[in-house]
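Q:
Protein chains: 2
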Amino acid sequence: MELKNIKKVGIIGVGFMGGSLALALKKSFSNFEIIGHARSDKAFRRLKKAKVLDRIERSDKRIAKESDILILATPVSVIINLLKRINPFLKKGAIVFDLGSTKEEIEKAAEKNLPKEVSFVGCHPFCGSEKKGVEEARGSLYQGSLCFITSTNKSSYLVERIWKKIGSKVVRATPAGHDRVVCFVSHLPHLACFSLINTIPAKYLEFSSSGFRDLTRIASSSSGLWTDIFLTNAAKIIENIDKHKKHLNEFRDLIAKGDRQKLKKLIKKANKRRDKLS
Amino acid sequence: MELKNIKKVGIIGVGFMGGSLALALKKSFSNFEIIGHARSDKAFRRLKKAKVLDRIERSDKRIAKESDILILATPVSVIINLLKRINPFLKKGAIVFDLGSTKEEIEKAAEKNLPKEVSFVGCHPFCGSEKKGVEEARGSLYQGSLCFITSTNKSSYLVERIWKKIGSKVVRATPAGHDRVVCFVSHLPHLACFSLINTIPAKYLEFSSSGFRDLTRIASSSSGLWTDIFLTNAAKIIENIDKHKKHLNEFRDLIAKGDRQKLKKLIKKANKRRDKLS
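What follows is the structure in structure tokens.
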């Protein structure tokens with residue numbers, strides 16, 4: 019498949035991420051027809067109102083049949099189910115790519131289920147997952163953000179060109195390498211944050227400062243999405259929880275001992291790492 | 019002491035918080051002379067450049083002698099040392115108040131060390147501690163922010179009027195009650211955040227998203243300040259670390275078991291709590 023031959027792009031899962039991608043693609047590739055899936059009448063009305071698509075279809079099979087590129091923008095478990103189910107309907111020569119937040123299980127499911135005439139490209143655009151709903155979609159979402167690509171087939175280079183065209187910085191990684199990195203910089207922080215806010219008695223939350231509000235913003239992230247992420251990256255997140263507990267214990271021990279010097283050093287280490295970020 | 023009799027206000031510790039308070043006081047009480055302490059020649063030059071004070075003094079004793087109100091805006095351990103040392107120099111009838119982030123140890127030190135003719139009012143304005151330095155000071159800092167007052171003497175009502183005048187919402191609490199609440203909504207989150215960023219291999223930090231940057235902003239907070247806070251609220255922070263570890267383990271166990279339903283419920287609980295905040 020060549021970029022110039024692509025006419026129809028289907029999206030299954032037109033929420034915040036999928037909807038933003040629809041807008042971004044339309045802006046950069048005005049010749050694409052962007053077709054989105056509505057899984058209910060209610061979703062149909064919502065998508066119509068949001069005006070992010072050229073066409074809305076109620077049948078995902080029909081979208082699969084028509085699409086030169088099919089984008090799976092649902093939570094990870096739904097992507098895996100789709101990869102199992104959609105096989106008979108895909109257009110010959112089509113490219114399927116996804117936006118899933120974990121990649122090992124998805125790449126395995128694609129390898130096992132998709133026909134040889136279809137190529138799969140694992141993608142993970144790395145941005146703003148605490149927003150929900152197509153109403154929040156914006157065409158600039160991917161501008162300047164990272165996008166991991168975890169496949170190495172020929173089609174992955176075409177998909178890379180698409181991501182770059184809409185402003186993403188593409189990073190190549192193996193599925194396992196991707197899952198390891200994002201487990202540290204995204205999965206563990208989300209889990210720590212969910213867990214932190216659950217630790218605090220609800221009645222005290224009214225005393226929270228703006229710093230706390232920044233800190234816990236990601237605790238609003240979708241429960242469906244994150245259940246999937248944790249369960250499809252279970253071994254790594256468990257390993258990281260244990261590592262995090264060790265670091266908490268390091269603080270605990272120094273406070274218990276009253277070791278001012280080492281405690282200060284440990285905070286300075288955190289300062290230094292944080293200050294390197296913008 | 020009546021508000022109309024206050025002429026000279028001294029500040030020891032003119033950094034971000036103290037400097038912002040100097041600006042806020044000058045704006046609301048134009049008749050106050052705001053005198054700040056510079057503990058070195060370098061600090062003197064820095065304060066002069068920052069233009070937040072009416073007068074800069076190199077001797078904290080001299081400031082103590084002159085001040086109708088003396089404000090201690092240093093880290094907690096320095097406040098405690100000052101309360102021990104400054105006793106002989108305080109003006110008769112003066113009011114001393116502090117901005118320290120923990121209150122039990124400070125109130126104890128004030129009770130033990132200050133002369134009877136001086137009244138102490140424990141205060142903790144609850145805002146923006148990751149900023150550092152008088153250069154960042156701004157007169158609007160306390161506008162709309164919470165300020166805990168942990169003393170109940172007559173002077174505490176005068177100090178309350180001052181905080182309200184500069185836009186703070188005053189909350190009355192016992193020193194222990196204050197330390198319990200802020201341990202949950204501030205101390206534990208800071209510790210968890212320092213610890214989280216230390217858990218993540220430094221080489222992966224370049225892959226962090228904007229969500230992660232928001233989440234870890236408070237990991238830039240001053241190591242000196244926070245060493246003091248943790249050590250002067252040691253029993254409570256240790257208790258809270260242990261509670262937090264239990265909540266992390268709850269997630270860990272559900273992920274290990276693959277219990278999708280309970281995991282989702284736990285994240286929904288965090289969502290609900292977070293969504294109540296702005």
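Chains as they are written, first to last, in the working numbering: chain A, 19 to 296; chain B, 19 to 296. We put the beta carbon where it would ideally sit given N, CA and C, even for glycine.
#1: Using C-beta distances below 8 Å, list every residue in its chain close to B/G242, excluding the 5 sequence neighbours before and after it, in chain order.
#2: What are the residues that DSSP puts in a beta bridge with A/P143?
#3: Check whether chain B comes within 8 Å of A/T245, counting only Cβ atoms and requiring the distance to be less than that.
#4: Verify whether the separation of the beta carbon atoms of A/V114 and A/L90 is less than 8 Å.
#5: Below 8 Å CB to CB, which residues in the same chain sit around B/F62 once its five sequence neighbours on both sides are set aside?
#6: Using a C-beta to C-beta distance shorter than 9 Å, which residues of chain A count as neighbours of B/F115?
#7: Taking the C-alpha atoms as reference points, what is the distance between A/P9 and A/A128?
#8: What whole-angstrom Cβ distance do B/S38 and B/L159 have, given they're in contact under 8 Å?
#9: For the segment 107-124 of chain B and the segment 244-255 of chain B, state whether three or more C-beta atom pairs, one from each stretch, are separated by less than 8 Å.
#10: According to the Cβ coordinates, are A/L43 and A/I52 closer than 8 Å?
#11: Is the shortest distance between the beta-carbon of A/S158 and the beta-carbons of chain B less than 8 Å?
#12: Anything in chain B within Cβ reach of A/D232, meaning under 8 Å, just list it in chain order.
#13: Nearest chain A C-beta to B/H265 closer than 8 Å, yes or no?
#14: Starting from the Cα of B/A288, find the closest Cα among A/A210, A/N171, A/G31, A/E20 and give me that residue.
#15: Excluding the five sequence neighbours on either side, which residues of its own chain have a C-beta within less than 7 Å of the C-beta of B/A68, listed in chain order?
#16: How close, in whole Å, do the beta carbons of A/S169 and A/V139 come, if the pair is a contact with beta carbons under 8 Å?
#17: Could you list which residues in chain B have their beta carbon closer than 8 Å to that of A/R278, in chain order?
#18: Name, going along the chain, the residues of the segment 125-145 of chain A whose beta-carbon falls closer than 7 Å to a beta-carbon of chain B.
#19: Would you call B/D116 buried or exposed, if buried means 16 or more other Cβ atoms sit within 10 Å of its Cβ?
#20: Tell me which residues of the segment 209-232 of chain B have at least one Cβ-Cβ distance to chain E shorter than 8 Å, keeping chain order.
#21: Closer than 8 Å is the cut-off here; do at least three beta carbon pairs connect the segment 102-111 of chain A with the segment 181-188 of chain A?
#22: Taking only beta-carbon positions, decide if A/L164 is within less than 8 Å of chain B.
#23: Following the continuous beta strand (DSSP E) through A/I247, name the residue where it begins and the one where it ends.
#24: My understanding is that A/V136 touches A/G31, with C-beta atoms under 8 Å, so please give their C-beta distance in whole angstroms.
#25: Which same chain residues, not among the five before or five after B/I104, have their C-beta less than 6 Å away from its C-beta?
A: The structure says:
#1: If we look at B/G242 and ignore the five residues flanking it on each side, its Cβ neighbours are P93.
#2: Beta-bridge analysis with DSSP links A/P143 to A/C165.
#3: True, the Cβ-Cβ gap to chain B drops below 8 Å.
#4: Yes.
#5: For B/F62, same chain residues with a beta-carbon under 8 Å away, outside a window of 5 residues either side, are A56, I74, R76 in chain order.
#6: Those within 9 Å of B/F115 in chain A number zero; the least Cβ separation is about 20 Å.
#7: Nothing about residue 9 of chain A can be read from this structure; chain A reaches only from 19 to 296.
#8: Right, their Cβ atoms sit about 4 Å apart.
#9: As far as the Cβ criterion goes, the segment 107-124 of chain B touches the segment 244-255 of chain B, which means the pair count is three or higher.
#10: Yes, they are a contact pair.
#11: It does not; no Cβ of chain B falls within 8 Å.
#12: What A/D232 touches in chain B: D232, L233, R235, I236.
#13: Answer yes: the Cβ-Cβ gap between B/H265 and chain A drops below 8 Å somewhere.
#14: The shortest C-alpha separation from B/A288 is found at A/A210.
#15: Here B/A68 has G37, V152, E153, A155 as same chain residues with Cβ atoms under 7 Å from its own Cβ, once five neighbours each way along the sequence are excluded.
#16: The C-beta separation of A/S169 from A/V139 comes to about 5 Å, placing the pair in contact by the 8 Å criterion.
#17: Neighbours of A/R278 in chain B, taken as residues at a C-beta separation under 8 Å, are given in chain order as T245, L249.
#18: Going along the segment 125-145 of chain A in chain order, one finds F144, C145 with a Cβ nearer than 7 Å to chain B.
#19: Around the beta carbon of B/D116, a 10 Å sphere encloses 16 or more other beta carbons of the protein chains shown; the residue is thus reported as buried.
#20: Structure shown: chain E not included; protein chains present are A and B.
#21: No, they do not touch.
#22: Yes, A/L164 lies at the interface with chain B (some Cβ there is under 8 Å from its Cβ).
#23: Per DSSP, A/I247 lies in no beta strand (DSSP E); the unbroken alpha helix (DSSP H) holding it starts and ends at 241-249.
#24: The Cβ separation is near 18 Å, so there is no contact.
#25: Leaving aside the five residues that flank B/I104 on each side, the residues in its chain whose CB is nearer than 6 Å to its CB run, in chain order, A82.
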